[in-house]
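Everything on this sheet refers to the single structure shown next.
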Amino acid sequence: MTNGIGRAAGALLTYSFLGLMAFLSVFPFFWMVLGATNSSIDIIKGRVLPGAALATNVGTFFAQVNAPLVFWNSAKIAILSTVLTLTVSSLAGYGFEIFRSRHRERLYRAMLLTLMIPFAALMIPLFIMMGQAGLINTHIAVVLPTIGSAFVVFYFRQCTKAFPSELRDAAKVDGLKEWQIFLFIYVPVMRSTYAAAFIIVFMTAWNNYLWPLIVLQSNETKTITLVISSLASAYYPDYGVVMVGTVLATLPTLAVFFFMQRQFVQGMLGSVK
Amino acid sequence: MVHARRGSIGRYYDVNGWLFVAPVLGLIGLFMIYPIFWSLWMSFQSGRGMMMKFVGFGNIVRLWNDPVFIKALTNTMTYFVVQVPIMILLALILASILNNPRLFGRGLFRTAIFLPCVTSLVAYSVLFKGMFATDGVVNSTLQAIGIVSSPIPWLTHPFWAKALVIIAITWRWTGYNMIFYLAALQNIDRSIYEVARIDGVPAWARFTHITIPLLKPVILFTTVISTIGTVQLFDEVYNLTEGRGGPSNATLTLSLYIYNLTFRFMPNFGYAATVSYVIVVLVALLAFFQFFAARERDK
Amino acid sequence: MDNLARALPRIAGLALASVSFLAVTAAQAKEITIWCWDPNFNVAIMKEAGARYTKTHPDVTFNVVDFAKTDVEQKLQTGLASGTADALPDIVLIEDYGAQKYLQSFPGAFAPLSGTVDYSGFAPYKVQVMTVGDQVYGMPFDSGVTGLYYRKDYLEQAGFKPEDMQNLTWDRFIEIGQQVEEKTGKKMMGLDPNDAGLVRIIMQSAGQWYFDKDGKANVTGNPALKAALETVGKIMSANVYKPAAGWSDWVGTFTSGDVAAVVTGVWITGTVKAQPDQAGKWGVAPIPKLAIDGATHASNLGGSSWYVLESSAEKAEAIDFLNEIYGKDIDFYQTILQDRGAVGSLLAARGGAAYEAADPFFGGEKVWQSFSDWLAKVPSVNYGIFTNEADTAVTAQLPALTQGTPVDDVLKAIDAEVSAQIQ
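Residue numbers (the working numbering), protein chains in the order written: chain R, 343 to 615; chain B, 269 to 567; chain U, 8 to 430.
Written out as structure tokens, the structure is:
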């Protein structure tokens, strides 16, 4: 076997493997869009051709679901949660990395241990707390427990290691206060880190399921994820309508990903240095 | 070094340090630490709904004699033992292929394989449930190309239901892990690979002897994160099996069992809290072993 | 000046708020919030009931919230557990199997209606599931009296007439199933191996349950449960069923015309009739009977009732509303029977034109009259507080049954799991 044939065979193998993986990754999206054009029975029967039921499905979806309100709820929760998480986590990541002290190192390690706490162990106490605070059925109650995330703090601290200390020294010579250094030097320099964190946190918040399911009691406060789940677990689910819902629910996260892909990859690079 | 410095500079550093980290510590304290201790207190109680009484270690004794708990624990471990290695290996292979700058259509492949991560856990579970229905698109394709002669009972047979859950999680998370590896690989000097290639080291050996050792910290990090995710598995199983973890508890996970004990069965918050502490202990042990194993191999 | 400009919107907001507050108190409007599931059944029926009450009480309005059934149960349980009243509705729908669980776990959470409602007018088994001590809670609603729905066309092809479908035994039912498959290629019934509904139907038809009258586990020495498991095992080994994964898949087995029969509660009638192309092809017979002592042709599956939360701000109105409509309005029951196929449990409403009407969808059979007759024969059992747990134990053991494990061993395994669960 000559080297040339071996290399060609290797390339063929590589590309078929990649092609198969890419196909498997994308096919469910393709099927989801097709599903939105098919009737419920055709979807269950595995039809993979475009159908004629798109208008009916979209019509039923908008008749059953107060779509503008539901999307507004989801957007409000996701954006509020993301902005607050990024703010407090980047503050902490910066604080832990720049101002090191023995006590804070210990606290940092203890904080990382909270990654092990399953949400299932928290939900009942959290729900009682929210009830006592009179926050049940509010979006504040959904957002509050998601802000303090050890994972995002960890991510920002890792990225802060790449923040050049000369910038800080120069700023201090110029007489900037600590909060000014953070706001006017750190934040702009680290914007790709923020972008990557934004994508991850936004998607998590937008797709959050169990906690909103427990806290949000009325149809007026529901998010799109909850709506899809109840459409799919209805007594007689109409899968065409469910597919319309999943397509619409996936569009925003897809858009965020495509618009911020470049910053995202750059940001990830920083995190694993 | 810093704490050795006494006086005004030390205090200045300290005050600023605390100010920056205080908000997050406050939030984590209020919404994680406080409730987890509350849960611990509940785990020593048992009863129906609000009528709880102190039972000491009674709940732990009950765990040993509870076949459903044992089943949920076994399932969770099965998911972890089978799924995490498959996914990590797949992500590593994909990352090292896609790291080649001469690869045609590299960005396109990367985007395609990362794409599943943008779907919500609920949405993709609903999608998979439809695709893997008895007469659904997966079975009809497998039958059409002659791999199987009759439809695979994806959602009604214990083995296949477990397989489906593993397929689903792998689909959703492989690209996510791959991105971490890709990012780490970009920091490795490509000339190492060139030298190895010229020296005649085959691709597979380059993968096992260069890529894996150099990526070890990232692999460790993603393994720990995936372990935590798998051990807490809930949304997928809940939405694939109508919240039951069936057939015959074959897909039941610890988190779903906690949910059932809290919301579907006679509500016993104390016992549910005890099961949730099993997850805490499990994750702690697994994370410890993974760190330990990584350190051992360093020597 | 600057401060004033900033304060203005706030003052305006305050003024607006007090105006709307005044408006609310002036009208004395009361809104009753209700949680339930199934938009074509419970939700629609509750809206009809609300509309009727608002006609005579214009100051009371209704907010019927439609959730999935699991969501209602989960939200109710979380709300009760948190002890916060503002998370709960005024009225909630609870399935009969779960009623005792809620009443006993959260004492004081539900309003007793013993003083207001005349319970002697309702089917006794419905009242029993909502009684704790000498107090009765809740307003009995629909019945899940069971029937055997069958496709006349398929059975005729296989050589069976409607007369042949009356008063069957389960063994005969399976024989017919085998012949139906031979002649038509259709399976006899859809079966979800992860749902113990059929086991419950067969067990209750012989007057037994997972628990005895005192609420103790009744598994290993329960002839009805044993016979029910044997029957399901026979259906599986004779392979006369089409497997279904989950509820909607199961519904799909008969709406798509893939199976020849359905054994379930009367509330499925609306779904069966929702396929206009199958009009005239369906018939209804009593369910098959076991060959053991105390066996009958009547049973129950599901059914639910309305409960008023003790913490409700509109408690008095909510109770009055339930009593006026569900406790007394005969015409209301006629309407929901005709429109939705709901068989209520108010005995006085079990007659009248709607019940005597012949249904063209079922080839002119008087199906409602039949269901009404069977309802009176449903054996009364104690659902206890652990039905969900026992159900899970049964579904966990169903595969063992099909793999040929002796029934007594299966019963022992179920008993072990139930005993561990019901502490």
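Ideal Cβ positions, reconstructed from N, Cα and C, are used throughout, including at glycine.
Report the neighbours of residue i on chain B: residues whose CB is nearer than 9 angstroms to its CB, in chain order.
i                     : result
residue 373 (chain R) : 395, 398, 399 and 405
residue 405 (chain U) : 515 and 516
residue 564 (chain R) : The contacting residues do not exist; residue 564 (chain R) stays about 13 angstroms from chain B at best.
residue 108 (chain U) : 316, 317, 533, 534 and 535
residue 392 (chain U) : 316 and 534
Determine whether the beta carbon atoms of residue i and residue j lie at a separation below 7 angstroms.
i                     : j                     : result
residue 94 (chain U)  : residue 86 (chain U)  : yes
residue 516 (chain B) : residue 500 (chain B) : no
residue 376 (chain U) : residue 362 (chain U) : yes
residue 381 (chain U) : residue 305 (chain U) : yes
residue 67 (chain U)  : residue 324 (chain U) : yes
residue 401 (chain R) : residue 404 (chain B) : no
residue 5 (chain U)   : residue 42 (chain U)  : Outside the modelled stretch of chain U, which goes from 8 to 430, sits residue 5 (chain U), for which no answer is possible.
residue 427 (chain R) : residue 607 (chain R) : no
residue 151 (chain U) : residue 348 (chain U) : no
residue 485 (chain R) : residue 557 (chain R) : no
residue 506 (chain B) : residue 440 (chain B) : no
residue 595 (chain R) : residue 416 (chain R) : no
residue 134 (chain U) : residue 144 (chain U) : no
Residues in its own chain within less than 6 angstroms of residue i by CB, not counting five upstream and five downstream?
i                     : result
residue 442 (chain B) : 355, 358 and 359
residue 30 (chain U)  : Only weak support exists for where residue 30 (chain U) lies, its pLDDT of 42 falling under 50; the coordinates are left without a value.
residue 28 (chain U)  : Because the pLDDT at residue 28 (chain U) is just 43, under 50, the model does not fix this residue reliably, and the value given afterwards should be weighed accordingly. There are no such residues.
residue 34 (chain U)  : With a pLDDT of 46 at residue 34 (chain U), under the threshold of 50, the predicted position of this residue should be treated as unreliable, and no value is reported.
residue 435 (chain R) : 495, 498, 499 and 502
residue 222 (chain U) : 391
Just to make sure I have the definition right: I need the residues of chain B whose C-beta is within less than 7 angstroms of the C-beta of residue i. Which are they?
i                     : result
residue 74 (chain U)  : Those do not exist, as residue 74 (chain U) stays about 13 angstroms from chain B at its closest Cβ, beyond 7 angstroms.
residue 592 (chain R) : 386, 387 and 391
residue 415 (chain R) : Ordered by position in chain B, no residue passes the 7 angstroms Cβ test against residue 415 (chain R), which lies about 14 angstroms from the chain.
residue 599 (chain R) : 386
Please compile the residues from chain R whose C-beta is within a distance smaller than 8 angstroms of the C-beta of residue i.
i                     : result
residue 548 (chain B) : 458, 459, 460 and 463
residue 443 (chain B) : 367
Could you pull out every residue in the same chain whose Cβ sits closer than 7 angstroms to the Cβ of residue i, ignoring the five residues on either side in sequence?
i                     : result
residue 457 (chain R) : 492 and 493
residue 537 (chain R) : 602, 605, 606 and 609
residue 32 (chain U)  : Low confidence applies here, because residue 32 (chain U) scores a pLDDT of 43, under 50, leaving its location unreliable; read the following figure in that light. Answer for residue 32 (chain U): no residue qualifies.
residue 588 (chain R) : 374 and 570
residue 301 (chain U) : 213 and 214
For residue i, which residues in the same chain have their Cβ closer than 8 angstroms to its Cβ, ignoring the five residues on either side in sequence?
i                     : result
residue 452 (chain R) : none
residue 350 (chain B) : 434
residue 426 (chain U) : 224
residue 496 (chain B) : 551 and 555
residue 297 (chain U) : 176, 177, 209, 212, 213, 231, 234, 235 and 238
Kindly list, in the order they appear in chain U, the residues whose Cβ is closer than 7 angstroms to that of residue i.
i                     : result
residue 385 (chain R) : Chain U residues near residue 385 (chain R): none, gap ~11 angstroms exceeds 7 angstroms.
Starting from residue i, find everything on chain R with Cβ-Cβ shorter than 7 angstroms and list it in chain order.
i                     : result
residue 89 (chain U)  : 469, 470 and 473
residue 266 (chain B) : In the structure as shown, chain B starts at 269 and stops at 567, and residue 266 (chain B) therefore has no counterpart that could be examined.
residue 219 (chain U) : Residues of chain R passing the Cβ test: none, with the nearest at roughly 32 angstroms.
residue 258 (chain B) : Here chain B comprises residues numbered 269 to 567, so residue 258 (chain B) is not present and cannot be evaluated.
Check the Cβ of residue i against every Cβ in chain R and list those closer than 9 angstroms, keeping chain order.
i                     : result
residue 245 (chain U) : Neighbours of residue 245 (chain U) on chain R: none; closest Cβ ~26 angstroms, over 9 angstroms.
With a threshold of 6 angstroms, establish whether the CB of residue i neighbours any heavy atom of the ligand HEM.
i                     : result
residue 537 (chain B) : No copy of the ligand HEM occurs in the structure displayed, which carries no ligand at all.
- Message: To be precise: take each residue of the stretch 498-510 of chain B, compare its Cβ to all Cβ atoms of chain R, and keep it if any distance is under 7 angstroms. Which residues remain?
- Response: 500, 502, 503, 507 and 510
- Message: Across the stretch 232-241 of chain U and the stretch 205-216 of chain U, are there enough close Cβ pairs to call them in contact, namely three or more that are closer than 8 angstroms?
- Response: yes
- Query: Name the residues in the stretch 462-488 of chain R whose C-beta lies less than 9 angstroms from a C-beta of chain B; which are they?
  - Reply: Of all residues in the stretch 462-488 of chain R, only 462, 463, 464, 465, 466, 467, 468, 470, 471, 486, 487 and 488 come within less than 9 angstroms of chain B when Cβ atoms are compared, listed by chain position.
- Message: To be precise: take each residue of the stretch 321-342 of chain B, compare its Cβ to all Cβ atoms of chain U, and keep it if any distance is under 9 angstroms. Which residues remain?
- Response: 326, 330, 333, 334, 335, 336, 337 and 339
- Taking Cβ-Cβ distances below 8 angstroms as the criterion, which residues of the stretch 558-589 of chain R are in contact with chain U? 559, 560, 561, 571, 572, 575, 576, 577, 578 and 579
- Could you run through the stretch 251-267 of chain U and flag, in chain order, every residue whose CB is less than 8 angstroms away from some CB of chain B? 251, 252, 253, 254 and 256
- Report yes or no: do three or more beta-carbon pairs, one from the stretch 314-332 of chain U and one from the stretch 57-67 of chain U, lie closer than 8 angstroms? yes
- Message: So, does the stretch 242-262 of chain U touch the stretch 187-198 of chain U, judging by three or more C-beta pairs under 8 angstroms?
- Response: yes
- Message: Could you check whether the stretch 258-278 of chain U touches the stretch 157-172 of chain U, counting it as contact only if at least three pairs of C-beta atoms, one from each stretch, sit closer than 8 angstroms?
- Response: Output reads yes: the stretch 157-172 of chain U touches the stretch 258-278 of chain U.
- Message: I'd like to know if the stretch 445-459 of chain B and the stretch 358-376 of chain B are in contact, where contact means that at least 3 CB-CB pairs between them fall below 8 angstroms.
- Response: With the cut-off at 8 angstroms, the stretch 445-459 of chain B and the stretch 358-376 of chain B touch.
- Message: Please identify, using Cβ separations under 8 angstroms, the residues of the stretch 302-316 of chain B that lie next to chain R, in order along the chain.
- Response: 302, 303, 304, 306, 307 and 310
- Can we say the stretch 367-375 of chain U touches the stretch 271-286 of chain U, given the rule of at least three CB pairs closer than 8 angstroms? yes
- Query: Are there three or more Cβ pairs, one per stretch, closer than 8 angstroms when the stretch 328-346 of chain B is compared with the stretch 518-533 of chain R?
  - Reply: no
- Given 8 angstroms as the limit, is there contact between the stretch 532-541 of chain B and the stretch 414-431 of chain B, that is, 3 or more CB pairs closer than that? no
- Item | Inter-stretch contact (C-beta, 8 angstroms, three-pair minimum) for the stretch 314-323 of chain B and the stretch 461-468 of chain R | The stretch 314-323 of chain B is not in contact with the stretch 461-468 of chain R.
- Residues in the stretch 411-425 of chain B with C-beta within 7 angstroms of chain U's C-beta atoms, listed in sequence order? 421, 423 and 424
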